[in-house]
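Peer 1: What follows is a structure written as structure tokens; I'll ask about it next.
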Amino acid sequence: MNALPTIAFVFICASAAVQGAFLFRKDGKADPVSHWALLAAFLALAAVTIVRSAGIGFPALTGTFESLVFFSGIICLIAWSYRIQKRLVFLSLVQFGATIIAAALLAVASSPIAPKDVLAPIPALRSGWLVLHVSLSFIGESFFVASFVASLAFLASKDERKKADYDKIAYTAVAAGYPIFTAGALVFGAIWAEQAWGSWWSWDPKEIWALVTWLAYTAYLHLRLVRKKKDALPSIVAALGFLCALFTFFGVNFLLTGLHSY
Amino acid sequence: MRKLLNALKSVKLTLVLIGYLLLTGIAASFRSQGHESDFYGSLLFYIPAFLFFANLAACSADRFTRELKKGKARRHGPDILHLGLILLLMGAVLGQAAKQSHPSWQGFARLGVGEAVELPNGKLLALKALDSERYADGRPKDWISTVEVSAAGKTILPAYRIRVNHPLRMGSLSIFQVSYGSERVLELIGSSGARRSLAAGEYIDSGEGKLMLMSVDLNSGIAIARAESATGAKMISLTIGSKVGAFTVVRAKEVDLSGLQAVYDPAYPLVIVALMVAVLGVFITLFRKLGDIVE
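Those sequence lines, one after another, are chains A and B.
Under this note's numbering, think of the first position of the first sequence as 1, with each following residue one higher.
Under this note's numbering, think of the first position of the second sequence as 1, with each following residue one higher.
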């Protein structure tokens with residue numbers, strides 16, 4: 001069981017290495033195997049979550065290690081789905097960037113800042129609303145990973161055709177992730193907070209940063225309405241939005257104190 | 001007037017206000033450090049928040065009327081989402097106003113088994129049993145307070161189990177299980193046979209003035225108290241058999257106490273409806289948008 005995160009990490013790194021080698025091919029052809037390694041990594045990480053859930057008798061999403069395993073696994077799943085789908089143009093740099101972020105999150109999960117003890121949750125965390133809150137927040141943020149990478153690629157690219165493709169991927173990823181994040185982070189989070197603490201909104205640092213992230217993506221979507229020309233501003237906002245999402249998880253947990261300091 | 005309305009329904013104004021709320025939110029989170037930030041009770045927040053509400057309402061009304069003219073091609077996802085946000089802001093304001101107009105309706109009480117507290121709505125809540133479930137490693141799994149609610153001497157709720165994440169709802173008043181702990185107390189018996197517990201920090205009439213219990217030692221059964229009278233205050237020790245006003249100390253003991261929080265929020269049902277409407281709207285809007293982008 002303890003080896004599963006390591007096995008997943010090896011699969012992700014192997015996938016990144018193959019993708020990296022193919023990034024520099026002039027024909028732009030994608031490799032035929034790296035996405036299967038991502039699927040294998042997802043399955044290994046899903047197994048970690050299932051085994052830990054069985055061990056504590058509750059969905060294993062309440063600790064830092066468990067959250068990072070889930071987050072990394074969902075990014076792998078989305079990167080694999082993106083590779084096998086046929087409706088959107090496949091851009092190998094987006095998949096590569098998402099793979100690197102999944103590996104980085106898993107590396108953080110294996111570090112001392114994420115305790116790996118298999119511990120059942122405290123009473124306040126034993127709630128179905130909390131499970132929806134955490135899982136949907138991370139699924140939404142996993143789509144934001146794709147928008148982050150595509151936005152950075154848009155900003156770095158000089159090729160107008162490629163810029164349009166990156167822009168479309170970023171927009172699609174936000175359009176998919178935003179409703180899921182809204183439901184998870186804000187709506188189900190508010191319902192759980194009311195049941196656990198008696199207040200659906202407390203201006204707690206974690207709540208404020210979830211709202212900041214949501215406002216950043218709301219600004220992105222509204223910018224798309226008013227700016228017909230495809231300039232850099234929406235991409236900058238989308239990239240900053242993901243940095244806000246990361247700070248909501250890491251920064252608030254380790255730098256700020258509040259109701260979410262479990 | 002027309003210019004003002006046009007400015008109010010501008011998406012550019014929306015973006016400016018979102019930017020302001022975003023940046024001030026970041027600053028407030030660093031300033032608060034675990035406390036509720038005073039920024040959210042200031043005009044620096046209230047004025048832009050009100051403008052945001054006005055902007056949202058104006059944009060929504062304008063958009064809705066434009067969409068109605070479109071016939072079959074109309075899209076109401078954003079209207080539903082905006083309606084949800086408007087209702088949410090209204091719920092937040094109404095909830096806050098209700099809390100401020102009924103400050104005594106919010107409260108916290110720690111009860112031992114057999115003790116009761118009068119609720120803000122006039123009903124009496126008595127703790128009948130207190131249980132805790134624990135995991136195999138001893139960590140807490142759940143805290144359960146079995147309570148009885150009565151009004152005018154008549155039981156209206158014989159045995160309700162309040163648990164963490166499972167509050168007792170009584171209209172707009174909810175009772176939450178927020179803590180569980182134990183406390184050392186002195187058990188006293190009165191001349192009529194009535195018993196009462198005295199915990200550290202609590203006062204009792206000593207006959208000559210007030211007496212406040214400072215600490216209780218379970219091993220020796222000796223308690224330290226501060227006795228206040230017209231001539232001054234002094235520290236005294238109490239042991240089994242000591243007289244305290246009309247009471248006699250029976251024993252020192254440790255009792256389990258349930259921490260119950262009363263919250264009054266008549267706007268919470270509106271908030272729930274608003275959240276559901278907003279989620280419905282955001283999914284309709286963005287899944288249709290997703291279809292457009294992909295095609």
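Glycine included, C-beta positions come from ideal geometry on N, C-alpha and C.
State buried or exposed for A:Glu141, treating a residue as buried only when at least 16 other CB atoms are found within 10 Å of its CB.
Peer 2: That one is buried.
Peer 1: If you scan the segment 157-244 of chain A from start to end, which runs of the alpha helix (DSSP H) of 4 or more residues do you find wholly inside it?
Peer 2: Segments of the alpha helix (DSSP H) lying fully in the segment 157-244 of chain A: 160-181, 189-197 and 205-226.
Peer 1: Just to confirm before moving on: does the CB-CB distance between B:Tyr268 and A:Glu194 stay below 9 Å?
Peer 2: Going by C-beta atoms, B:Tyr268 is nearer than 9 Å to A:Glu194.
Peer 1: Measuring CA to CA, which of B:Arg66, B:Leu23, B:Lys123 and B:Ser60 is closest to B:Gly153?
Peer 2: Taking only the C-alpha atoms, the option nearest B:Gly153 is B:Lys123.
Peer 1: Go through the segment 107-182 of chain B residue by residue and report every complete run of the alpha helix (DSSP H) that reaches 4 residues or more, in order.
Peer 2: Whole alpha helix (DSSP H) segments, 4+ residues: zero.
Peer 1: Starting from the Cα of A:Pro115, find the closest Cα among A:Leu225, A:Val89, A:Gly20 and A:Val69 and give me that residue.
Peer 2: Comparing Cα-Cα distances from A:Pro115 to each of A:Leu225, A:Val89, A:Gly20 and A:Val69, the minimum goes to A:Val69.
Peer 1: Return the CA-CA distance between B:Ile293 and A:Gly128, expressed in angstroms with no decimal places.
Peer 2: For B:Ile293 and A:Gly128, the distance between alpha carbons rounds to 34 Å.
Peer 1: Please report the Cβ distance between B:Leu127 and B:Leu173, rounded to the nearest whole angstrom; I am assuming they are in contact, meaning their Cβ atoms lie under 8 Å.
Peer 2: That belief does not hold up - the Cβ atoms of B:Leu127 and B:Leu173 are roughly 17 Å apart, past 8 Å.
Peer 1: Who are the near neighbours of A:Tyr262 in its chain, counting only those whose CB is closer than 6 Å to its CB and skipping five residues on each side?
Peer 2: Per-residue confidence for A:Tyr262 stands at a pLDDT of 48, beneath the threshold of 50, marking its modelled position as unreliable; no derived number is given.
Peer 1: Report the option in B:Lys72, B:Asp38 and B:Leu89 whose CA atom is closest to the CA atom of B:Leu51.
Peer 2: It is B:Leu89 whose Cα lies nearest to the Cα of B:Leu51.
Peer 1: In chain A, which residues lie with their C-beta within 8 Å of the C-beta of B:Tyr203?
Peer 2: Within chain A, no residue comes near B:Tyr203; the closest Cβ sits about 28 Å away, beyond 8 Å.
Peer 1: Closer than 7 Å by C-beta to B:Asp205: which residues in its own chain qualify, once you throw out the five before and the five after it? Chain order, please.
Peer 2: Hits under 7 Å: Gly245.
Peer 1: So is B:Trp105 in contact with chain A if we call contact Cβ pairs under 9 Å?
Peer 2: Output row for B:Trp105: interface = no.
Peer 1: Does the count of Cβ pairs from the segment 224-240 of chain A and the segment 150-158 of chain A closer than 8 Å reach three?
Peer 2: With the cut-off at 8 Å, the segment 224-240 of chain A and the segment 150-158 of chain A touch.
Peer 1: Taking Cβ positions only, does A:Arg126 come closer than 9 Å to chain B?
Peer 2: It does: the Cβ of A:Arg126 has a partner Cβ on chain B nearer than 9 Å.
Peer 1: Please report whether the beta-carbon of B:Asp131 lies at a distance below 9 Å from any beta-carbon of chain A.
Peer 2: For B:Asp131, the answer is no, since every Cβ of chain A falls outside 9 Å of its Cβ.
Peer 1: What are the boundary residues of the beta strand (DSSP E) that includes B:Lys289?
Peer 2: Here B:Lys289 belongs to no beta strand (DSSP E); instead the alpha helix (DSSP H) covers Tyr268 to Val294.
Peer 1: At the level of alpha carbons, what is the spacing between B:Ala92 and B:Cys59?
Peer 2: Using only the alpha carbons, I get a separation of about 20 Å.
Peer 1: List the residues that DSSP assigns as beta-bridge partners of B:Gln261.
Peer 2: Answer by DSSP bridge pairing, in chain order: B:Phe108 and B:Phe176.
Peer 1: Mind listing which residues of the segment 165-189 of chain A have their C-beta closer than 7 Å to chain B's C-betas, in chain order?
Peer 2: So the list reads Lys168, Tyr171, Thr172, Ala175, Ala176, Tyr178, Pro179, Thr182, Ala183 and Val187, given in the order they occur along the chain.
Peer 1: For A:Leu136, which residues of its own chain have a beta-carbon under 8 Å away from its beta-carbon, when the five flanking residues on both sides are left out?
Peer 2: Answer for A:Leu136: Ile180, Phe181, Ala183, Gly184, Ala185 and Phe188, listed in chain order.
Peer 1: Let me know if A:Arg126 comes out buried or exposed under the rule of 16 or more other beta-carbons within 10 Å of its beta-carbon.
Peer 2: Under this definition A:Arg126 is a buried residue.
Peer 1: Within 10 Å of its beta-carbon, does A:Phe242 have 16 or more other beta-carbons around it, so buried, or fewer, so exposed?
Peer 2: A:Phe242 is buried by the Cβ-count criterion.
Peer 1: Throw me the rounded Cβ distance for the A:Leu23 and A:Leu93 pair, which I believe falls under 8 Å.
Peer 2: Contact flag correct, Cβ pair sits at about 7 Å.
Peer 1: Name the one or two DSSP bridge partners that B:Lys210 has.
Peer 2: According to DSSP, which records beta bridges pairwise, B:Lys210 is partnered with B:Asp205 and B:Glu228.
Peer 1: Identify which residue in B:Glu228, B:Ile284, B:Lys243 and B:Gly84 has its Cα closest to the Cα of B:Glu187.
Peer 2: Out of B:Glu228, B:Ile284, B:Lys243 and B:Gly84, B:Lys243 has the C-alpha closest to the C-alpha of B:Glu187.
Peer 1: Mind checking which residues open and close the alpha helix (DSSP H) that includes B:Ser192?
Peer 2: No alpha helix (DSSP H) holds B:Ser192; DSSP gives it neither H nor E.
Peer 1: Within this structure, are the beta carbons of B:Leu286 and A:Ala219 separated by less than 9 Å?
Peer 2: Their beta carbons are not under 9 Å apart, which means B:Leu286 does not touch A:Ala219 by this criterion.
Peer 1: Distance check for A:Ala124 and B:Gln261, CA to CA, integer angstroms please.
Peer 2: Roughly 14 Å between the two C-alpha positions.
Peer 1: Just verifying my parser: in three-state terms, what is the DSSP assignment at A:Val108?
Peer 2: In the structure shown, A:Val108 sits in a helix (DSSP, three-state: H, G or I).
Peer 1: Can you tell me where the alpha helix (DSSP H) holding B:Pro78 begins and where it ends?
Peer 2: From DSSP, the alpha helix (DSSP H) with B:Pro78 extends over Gly77 to Ser101.
Peer 1: Examine the Cβ distances between the segment 220-227 of chain B and the segment 71-81 of chain B and report whether three or more of them are shorter than 8 Å.
Peer 2: Contact fails: fewer than three Cβ-Cβ distances are below 8 Å.
Peer 1: State the CB to CB distance for the pair B:Ile80 and B:Gly281, rounded to an integer number of angstroms; the pair is presumed to be in contact (CB under 8 Å).
Peer 2: Between B:Gly281 and B:Ile80 the Cβ distance is about 3 Å, and since that is below 8 Å, they are a contact.
Peer 1: What residues from the segment 210-222 of chain B come within 9 Å of chain A, judged by C-beta to C-beta, listed N to C?
Peer 2: Here the close residues number zero.
Peer 1: Along the chain, where does the alpha helix (DSSP H) containing B:Asn55 start, and where does it finish?
Peer 2: Taken as a continuous stretch (DSSP letters only), the alpha helix (DSSP H) holding B:Asn55 covers Leu43 to Leu68.
Peer 1: Unbroken beta strand (DSSP E) runs of length 3 or more, entirely within the segment 97-141 of chain A: which are they?
Peer 2: The segment 97-141 of chain A contains no whole beta strand (DSSP E) run of 3 or more residues.
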